[in-house]
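Chemist: Using the working numbering, you'd call the opening residue of the sequence shown number 58 and step up by one each time.
Here a beta-carbon is modelled for each residue, glycine too, at the ideal position from N, C-alpha and C.
Since this is a predicted model, take the numbers as computed values, not measurements.
Take a look at this one; I'll ask things after.
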Amino acid sequence: MFVKSITWCSVAVVAVLAAALLTATPVSAQSDDDQNIQTQSQRTDTDNDKDNKRLKLQDPNIKIETGACVAQDAHEGTIGVDVTNQSSHKLTYQVVVNGEEKAVTVAANSTEYIAFTELAAGDYTVEVTGPHGTKASGSATITTCHVHEQPIVDIDACGCATPGAQDGRLNLTITNPNDYAVTYTIHLGQRSKDVFVDAHTTQKVHFEHLRAGHYSIRITGDDCTHVCLDAMVEKCPEQEPTPAPQPGQGGGTPSTPPVQTPAAPVAAVATPASVTLPATLPDTSASEPTAAVQPKATANPVSFLLVAVGAALTAFGLLRRSQLARQVS
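Below, the structure is given as structure tokens:
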């Protein structure tokens, strides 16, 4: 009887333990699944955040510039890179040129400049990388300087300048003997002109409204060439006045010389002689008549006039004397 009790107790204990084990296993499995789901959900949220953040980023925009040409085998070249951040927040980019890497931090919607110096002539690749796979790339070439040749300049002073006027002119013909294009600047006094001359070609430049005189011309090229020249604007000779045509000369009808009328002689004004008569005139009625003095003819009109005036005065005196004698008698 005791043995049967132990047996049934053992069976009951085994049954309870089995039931406990069966009940605990599903609970543990369910807990692990929940943890796995939560972990996957967190990872998905993180990926979504990264995706959202990546969607807000844009590749940078770059602009590459090279400096002047460098001599053969010299390390004097420069490559400059303008990095523009087109994203809405500040980013740091890595810029690589010829194996050299430099970092540049650019604010949102801003541009920063970074330069690489001491480079030799040649071709280069520029690579710019930013966070979350943003990037940009480009290329640049540093050229080798050529041997500079001076321009060939021919100056022509067209015509002459009128004295005191600004009607002179200078014509310049500029030839570029180099195998590259050059922009030349021509300086004449306070005036200057720029002219682009392609390789092995010729261009003309004109300067007008110049006075007669001496001019110094300086020509500079953007390839560091420099030429100084002299020019002269001649003064036109002054024209002599044209003489009046003489009678019988020229092809026109000869003019008749004007008739010169001689001026009439101016008669001298005679001053009348003052005659003083005596208070008592003698009686001349019985005396012989006095012969009248006949004036001699003369060719001088002044003398004739004086004689006539004298005769008139004599006759007047005689007449007056006769009247006084009558009054007395």
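Would you tell me roughly how many angstroms separate the C-alpha atoms of Thr186 and Ala164, rounded to the nearest one?
Modeler: In the sequence shown, counting from the first residue as 1, residue 186 sits at position 129. In the sequence shown, counting from the first residue as 1, residue 164 sits at position 107. Distance between the alpha carbons of Thr186 and Ala164 is about 15 Å.
Chemist: Going along the chain, which residues of its own chain have a beta-carbon closer than 7 Å to the beta-carbon of Gln223, five neighbours each way excluded?
Modeler: Taking the first residue of the sequence shown as position 1, residue 223 is located at position 166. Once the five neighbours on either side are set aside, the close Cβ partners of Gln223 are His266, Leu267, Arg268.
Chemist: If you pair each beta-carbon of the region 172 to 192 with each one of the region 248 to 263, do three or more pairs fall below 8 Å?
Modeler: No, the region 172 to 192 does not touch the region 248 to 263.
Chemist: His205 and Thr282 - do their beta-carbons sit closer together than 8 Å?
Modeler: Looking up residue 282 in the sequence shown gives position 225. Looking up residue 205 in the sequence shown gives position 148. Taking 8 Å as the Cβ cut-off, Thr282 and His205 qualify as a contacting pair.
Chemist: Which residues does DSSP pair with Thr277 in a beta bridge?
Modeler: Locating residue 277 in the sequence shown gives position 220, counting from the first residue. Thr242, His283, per the DSSP bridge assignment.
Chemist: Is Ala324 helix, strand or coil when you go by DSSP?
Modeler: Counting from 1 along the sequence shown, the entry for residue 324 is found at position 267. With a pLDDT of only 48 at Ala324, under 50, the local geometry of the prediction cannot be trusted, and the value read off the model is given with reservation. If DSSP states are grouped into helix, strand and coil, Ala324 belongs with coil.
Chemist: With a 10 Å radius around its C-beta and 16 neighbouring C-beta atoms as the bar for buried, classify Tyr150 as buried or exposed.
Modeler: Against the sequence shown, residue 150 aligns to sequence position 93. Buried.
Chemist: Compute the distance between the beta-carbons of Val252 and Gly278, then report whether it is under 8 Å.
Modeler: Locating residue 252 in the sequence shown gives position 195, where the first residue counts as 1. Locating residue 278 in the sequence shown gives position 221, where the first residue counts as 1. In this structure, Gly278 does not lie closer than 8 Å to Val252 by Cβ.
Chemist: Indicate whether Leu229 and Ile212 have their beta-carbon atoms separated by less than 8 Å.
Modeler: The residue given as residue 229 occupies position 172 in the sequence shown. The residue given as residue 212 occupies position 155 in the sequence shown. In this structure, Ile212 lies closer than 8 Å to Leu229 by Cβ.
Chemist: What does the alpha-carbon distance come out to for the pair Ser196 and Gln129?
Modeler: Position 139 of the sequence shown, counted from the first residue, corresponds to residue 196. Position 72 of the sequence shown, counted from the first residue, corresponds to residue 129. Distance between the alpha carbons of Ser196 and Gln129 is about 21 Å.
Chemist: List the endpoints of the continuous beta strand (DSSP E) containing Asn142.
Modeler: The count along the sequence shown starts at 1 and reaches residue 142 at position 85. From DSSP, Asn142 is part of no beta strand (DSSP E); its letter is neither H nor E.
Chemist: Report the option in Glu169, Ser194, Gln207, Tyr272 whose CA atom is closest to the CA atom of Thr232.
Modeler: To locate residue 232, count along the sequence shown from 1; it is residue 175. Of the listed residues, the one whose Cα sits closest to Thr232 is Gln207.
Chemist: Any idea if Gly225 is buried or exposed, counting beta-carbon neighbours within 10 angstroms, 16 or more meaning buried?
Modeler: Start at 1 with the first residue of the sequence shown, and residue 225 comes out as number 168. Counting Cβ neighbours within 10 Å, Gly225 comes out buried, since at least 16 surround it.
Chemist: Would you mind reading off the limits of the beta strand (DSSP E) that contains Lys261?
Modeler: In the sequence shown, residue 261 corresponds to position 204, counting from 1. Element bounds for Lys261: 259 to 267.
Chemist: Quick one, are the C-beta atoms of Cys293 and Ala218 less than 8 Å apart?
Modeler: Indexing the sequence shown from 1 puts residue 293 at position 236. Indexing the sequence shown from 1 puts residue 218 at position 161. Yes, the pair counts as a contact, with Cβ atoms nearer than the cut-off.
Chemist: Buried or exposed for Pro188, please, with buried defined as at least 16 other CB atoms from any protein chain shown within 10 angstroms of its CB.
Modeler: Mapped onto the sequence shown, residue 188 falls at position 131. Exposed, since its Cβ has fewer than 16 Cβ neighbours within 10 Å.
Chemist: Among Lys147, Thr174, Val140, which residue has its Cα nearest to the Cα of Gly156?
Modeler: Here residue 156 refers to the residue found at position 99 when the sequence shown is read from its first residue. Nearest option by C-alpha distance: Thr174.
Chemist: Checking the sheet assignment: what are the DSSP bridge partners for His271?
Modeler: Start at 1 with the first residue of the sequence shown, and residue 271 comes out as number 214. His271 is bridged to Met289.
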